[in-house]
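S.K.:
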Amino acid sequence: MIHPLVLSLPSPAIISPRPRRHRHHTTTPPPSLPSHSRSLHHHRFLRVTPLVASRGGQRRIVRGATMGLFTVTKKATTPFEGQKPGTSGLRKKVTVFQQPHYLQNFVQSTFNALPADQVKGATIVVSGDGRYFSKDAVQIITKMAAANGARRVWVGLNSLMSTPAVSAVIRERVGADGSKATGAFILTASHNPGGPTEDFGIKYNMGNGGPAPESVTDKIFSNTTTISEYLISEDLPDVDISVVGVTSFSGPEGPFDVDVFDSSVDYIKLMKTIFDFEAIKKLLTSPKFTFCYDALHGVAGAYAKHIFVEELGADESSLLNCVPKEDFGGGHPDPNLTYAKELVERMGLGKSSSNVEPPEFGAAADGDADRNMILGKRFFVTPSDSVAIIAANAVQSIPYFASGLKGVARSMPTSAALDVVAKNLNLKFFEVPTGWKFFGNLMDAGMCSICGEESFGTGSDHIREKDGIWAVLAWLSIIAFKNKDNLGGDKLVSVEDIVRQHWATYGRHYYTRYDYENVDAGAAKELMANLVSMQSSLSDVNKLIKEIRSDVSEVVAADEFEYKDPVDGSVSKHQGIRYLFGDGSRLVFRLSGTGSVGATIRVYIEQYEKDSSKIGRDSQDALAPLVDVALKLSKMQEYTGRSAPTVIT
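Okay, structure coming up:
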């Protein structure tokens, strides 16, 4: 049974129009409700009817106001198991989220976990990568935000807003009335597939633009285990999110607006404060430079044409899969050599041969556009090398960093290429556990400018999320700088040239990752426990290693990685097992996904080579000795029964 909330109604008032919006107003103002008609169960609102007109070929919205009734109800519910959000939020199959009350429970539990001033009277962003179920979710969350007393909701046009753009909007956007967002519901499952039988996700980002910290996500989870009711305004009409404009209501807590806007405008504005767009445009419009960008039918497509074609002058034919689709075109929106097949082929890295000359530069994004893959002509740039090269060239190439870098950071499993750059340039350096929130703490404290992780995530302190398009613009800036006096020459400095010059200067970190998925959880834990116990005697470890491969350096240190946050003093334990070698090489073992369905063991293998005569070797050949050591030292096949990994990256 639905029980309407008993709430007092403020004096009726027509919301004055924002000066930048175009509205149609009737000549006669709508009548106010007489005091005797304001019942306890009914509340006045302005239902705004959009009438689409055109100006200069662009759609705009003209609005008229009519009267209606707005009710807030309490709906009884019961908890669902397993609604525990991580740094990446809550991810489940679409069919799970479509269960009655499932999404509503999580959203109300989030509202209940936040301080009152971040809900009542607040401005909340609701958008995502556009995957299947997003549009339904936007309407549900909007009605719940109204019922919980929010002042306004900001929604991306067609519900589309990349994760980095959400972070930028929270941090940078100011409404016409001076409003600023206090947080955001981001509707994404990142690089996971989308569609009616695939994945959906939701996470909450805070006022700094970054993911909710564990103190908040723990409260959200606790609330999901005890929730008995949620608030929703079911008779609030669905807002048309396919056109830009503000829909204004008057409800039980006062005015409530839904502002639909094109977030690419805000995002481009921010990018222009970071990069020299004119320098990049000279590169992209040079007949000697060719370019290709693959959005994998994710939300990056909503930004690609605006940025690369309209702002920077690239040919529209250089864009691949840049129409966002609810199912990502049936593909897997993960920017790597396996899933970005069309781009990989076009860049000359596929298995089939072609007489067509590949572009000079290629890049791909994942579903929510926070990850990136960088490619040169017939050349792959590892994510670990990418962040190191950006850091090494940022001050010269990117205006935002012209005054210097505050510091740099990487996740622990990421190769130590960034460490060498930091040491050579005398920069503060931080090695953190996996999870962007650790970078966010450093950035909020003014200690870190550029950061990255091996899983195709790169970013800077302009926002508090990794940013795929930012990484592409950073690379284009570096290429433009290297070629600023060479655009009329015979041959441009290429991506491969830049990477090889970096290796010659700093040494090369050969790197690979082996994933063993759905391993028996008990066996996985035993394997990890054995690796920890072996660390008590490095002499025994080194004796064993020499028996496996005599051409591998000795282990000089080994531990289970533990991180004490220099900002808030929090300690994160059991973040992975490390074996560090005298020549700068590393073996890292991490366990993830433990549970009834099994575990994933990740093995990170890194061989450092500073001899310039040996930096051009095939990666597999260079890593073969350490791979042999890693698998035999860990007794991988003995514990797991696996003779080969599930995935090699």
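So the sequence shown is numbered by the UniProt record's numbering: it starts at 1 and just counts up by one.
Here a beta-carbon is modelled for each residue, glycine too, at the ideal position from N, C-alpha and C.
Just to confirm the assignment, what range does the alpha helix (DSSP H) spanning R171 have?
M.R.: In the sequence shown, residue 171 corresponds to position 171, counting from 1. It spans T163 to E172 - the alpha helix (DSSP H) in which R171 sits, taken as one unbroken run.
S.K.: How about Q118 and G175: are their beta carbons less than 7 Å apart?
M.R.: Numbered from its first residue, the sequence shown carries residue 118 at position 118. Numbered from its first residue, the sequence shown carries residue 175 at position 175. Taking 7 Å as the Cβ cut-off, Q118 and G175 do not qualify as a contacting pair.
S.K.: Can you tell me the Cβ-Cβ gap for R513 and E431, rounded? I've got them flagged as a contact below 8 Å.
M.R.: On the sequence shown, residue 513 is found 513 positions in, with the first residue counted as 1. On the sequence shown, residue 431 is found 431 positions in, with the first residue counted as 1. Going by Cβ atoms, the distance from R513 to E431 rounds to 17 Å, so no, they are not a contact pair.
S.K.: Please list the segments of the beta strand (DSSP E) lying wholly inside the segment 181–268, counting only runs of 3 or more residues, in order along the chain.
M.R.: 183–187, 199–205, 229–232, 245–251 and 254–261
S.K.: Considering only residues of the segment 79–107, which uninterrupted alpha helix (DSSP H) runs meet the minimum length of 4 residues and lie entirely inside it, listed in chain order?
M.R.: 94–97
S.K.: Threshold first: 3 residues or longer. Then list the beta strand (DSSP E) segments lying entirely within the segment 479–539, N to C.
M.R.: 508–519
S.K.: Going straight from the alpha carbon of F291 to that of D461, what length do you get?
M.R.: Indexing the sequence shown from 1 puts residue 291 at position 291. Indexing the sequence shown from 1 puts residue 461 at position 461. Just so you know, the alpha carbons of F291 and D461 end up roughly 27 Å apart.
S.K.: Where does the unbroken alpha helix (DSSP H) through Y303 begin, and where does it stop?
M.R.: Along the sequence shown, one-based indexing puts residue 303 at 303. Per DSSP, Y303 belongs to the alpha helix (DSSP H) from G301 to A304.
S.K.: Looking at the structure shown, is Y400 part of a helix, part of a strand, or coil, going by DSSP?
M.R.: Residue 400 sits at position 400 when you count from the first residue of the sequence shown. Helix, per DSSP.
S.K.: Taking only the alpha-carbon atoms, compute the straight-line gap between T197 and L90 and give it to the nearest angstrom.
M.R.: Taking the first residue of the sequence shown as position 1, residue 197 is located at position 197. Taking the first residue of the sequence shown as position 1, residue 90 is located at position 90. So the alpha carbons of these two residues sit roughly 16 Å apart.
S.K.: For Y132, does the three-state DSSP call read helix, strand or coil?
M.R.: Sequence index remark: in the sequence shown, residue 132 carries index 132 (1-based). DSSP places Y132 in coil when its eight states are reduced to three.
S.K.: Locate the alpha helix (DSSP H) running through T73, then write down its first and last residues.
M.R.: Residue numbering aside, residue 73 sits at position 73 when the sequence shown is read from its first letter. Unbroken run through T73 is the beta strand (DSSP E), T73 to A76; no alpha helix (DSSP H).
S.K.: Give every residue of the same chain whose Cβ lies closer than 8 Å to the Cβ of residue 658, excluding the five residues on either side of it in the sequence, and list them in chain order.
M.R.: A query on residue 658 cannot be resolved here, the shown segment of the chain reaching from 1 to 649 and no further.
S.K.: Between which two residues does the alpha helix (DSSP H) carrying V629 extend?
M.R.: Counting from 1 along the sequence shown, the entry for residue 629 is found at position 629. In the DSSP assignment, V629 falls within the alpha helix (DSSP H) that extends over S619 to L633.
S.K.: Taking C-alpha atoms, which residue in D628, S613 and Y293 lies nearest to I605?
M.R.: Here residue 605 corresponds to residue number 605 of the sequence shown, with the count starting at 1. Of D628, S613 and Y293, the residue nearest in Cα terms is D628.
S.K.: Using a threshold of 7 Å, state whether the C-beta atoms of A304 and C322 are closer than that.
M.R.: To locate residue 304, count along the sequence shown from 1; it is residue 304. To locate residue 322, count along the sequence shown from 1; it is residue 322. When the beta-carbon positions are compared, A304 and C322 come within less than 7 Å of each other.
S.K.: Looking only at its chain, what residues have a beta carbon closer than 6 Å to the beta carbon of N530, apart from the 5 residues adjacent to it on each side?
M.R.: Mapped onto the sequence shown, residue 530 falls at position 530. None.
S.K.: Which partner residues does T458 have in the DSSP bridge list?
M.R.: For the purposes of this step, residue 458 is taken as residue 458 along the sequence shown, with counting starting at 1. In DSSP, T458 forms a bridge with G452.
S.K.: Does the Cβ of E609 have 16 or more other Cβ atoms within 10 Å, making it buried, or fewer, making it exposed?
M.R.: The residue given as residue 609 occupies position 609 in the sequence shown. Per the 10 Å Cβ criterion, buried.
S.K.: For Q108, is the classification buried or exposed, using 16 other Cβ atoms within 10 angstroms of its Cβ as the cut-off for buried?
M.R.: Position 108 of the sequence shown, counted from the start, is the residue given in the question as residue 108. So Q108 ends up on the buried side.
S.K.: Find out if the Cβ-Cβ distance for the pair G201, Y132 is shorter than 7 Å.
M.R.: Here residue 201 is taken as the residue at index 201 of the sequence shown, counted from 1. Here residue 132 is taken as the residue at index 132 of the sequence shown, counted from 1. No, the pair does not count as a contact, with Cβ atoms beyond the cut-off.
S.K.: Which term fits K203, buried or exposed, when burial requires 16 or more other beta carbons within 10 angstroms of its beta carbon?
M.R.: Within the sequence shown, numbered from 1, the residue matching residue 203 stands at position 203. The residue is buried, with at least 16 neighbouring Cβ atoms inside 10 Å.
S.K.: Candidates G367, K269, L114 and A402: which alpha carbon is nearest T188's?
M.R.: Counting from one through the sequence shown, the residue named residue 188 turns up at place 188. Nearest of G367, K269, L114 and A402 to T188, Cα basis: G367.
S.K.: How many Å lie between L633 and I545 at the Cα?
M.R.: In the sequence shown, the residue the question calls residue 633 occupies position 633. In the sequence shown, the residue the question calls residue 545 occupies position 545. About 7 Å.
S.K.: Within the same chain, show all residues whose beta-carbon is closer than 8 Å to that of Q396, passing over the 5 residues directly before and after it, in chain order.
M.R.: For the purposes of this step, residue 396 is taken as residue 396 along the sequence shown, with counting starting at 1. These residues qualify, in order along the chain: F481.
S.K.: Given a threshold of 16 other Cβ atoms within 10 Å of its Cβ, counted over all protein chains shown, does N205 qualify as buried or as exposed?
M.R.: As a working mapping, residue 205 is identified with position 205 in the sequence shown. N205 should be labelled buried.
S.K.: Using 10 angstroms around the beta-carbon of A557, count the other beta-carbons present and answer buried if the total reaches 16, otherwise exposed.
M.R.: As a working note, residue 557 is residue 557 in the sequence shown. Counting Cβ neighbours within 10 Å, A557 comes out exposed, since fewer than 16 surround it.
S.K.: So, at 7 Å on beta carbons, what are the nonlocal neighbours of W503 in its own chain, with the 5 sequence-adjacent residues on each side left out?
M.R.: Residue 503 sits at position 503 when you count from the first residue of the sequence shown. Once the five neighbours on either side are set aside, the close Cβ partners of W503 are I615.
S.K.: Check this for me: beta carbons of R152 and T123, under 7 Å apart or not?
M.R.: Here residue 152 is taken as the residue at index 152 of the sequence shown, counted from 1. Here residue 123 is taken as the residue at index 123 of the sequence shown, counted from 1. For R152 and T123, yes; Cβs fall inside 7 Å.
S.K.: Please tell me whether P333 and G130 are closer than 7 Å, where the distance is taken between their beta carbons.
M.R.: Counting from 1 along the sequence shown, the entry for residue 333 is found at position 333. Counting from 1 along the sequence shown, the entry for residue 130 is found at position 130. No, they are not a contact pair.
S.K.: Of all the options D565, S248 and A116, which has the alpha carbon lying nearest to the alpha carbon of F70?
M.R.: One-based indexing of the sequence shown puts residue 70 at position 70. Looking at the Cα atoms, S248 is the closest of the given residues.
S.K.: Can you give the Cα-Cα distance for D551 and S384, rounded to whole angstroms?
M.R.: Residue 551 sits at position 551 when you count from the first residue of the sequence shown. Residue 384 sits at position 384 when you count from the first residue of the sequence shown. Those two C-alpha atoms are separated by around 25 Å.
S.K.: Contact check, L312 vs L284 under 8 Å by CB: the rounded distance?
M.R.: Taking the first residue of the sequence shown as position 1, residue 312 is located at position 312. Taking the first residue of the sequence shown as position 1, residue 284 is located at position 284. The pair is a contact, with the Cβ atoms about 5 Å apart (cut-off 8 Å).
S.K.: Using the Cα positions of V588 and G407, report the straight-line distance between them to the nearest angstrom.
M.R.: As a working mapping, residue 588 is identified with position 588 in the sequence shown. As a working mapping, residue 407 is identified with position 407 in the sequence shown. Going from the Cα of V588 to the Cα of G407 covers about 24 Å.
S.K.: Classify Q99 as buried or exposed, calling it buried when 16 or more other Cβ atoms lie within 10 Å of its own Cβ.
M.R.: Here residue 99 refers to the residue found at position 99 when the sequence shown is read from its first residue. Result: exposed.
S.K.: Once DSSP output is grouped into helix, strand and coil, what is the label at L284?
M.R.: The sequence position of residue 284 within the sequence shown is 284, counting from 1. Residue state, collapsed to three classes: helix.
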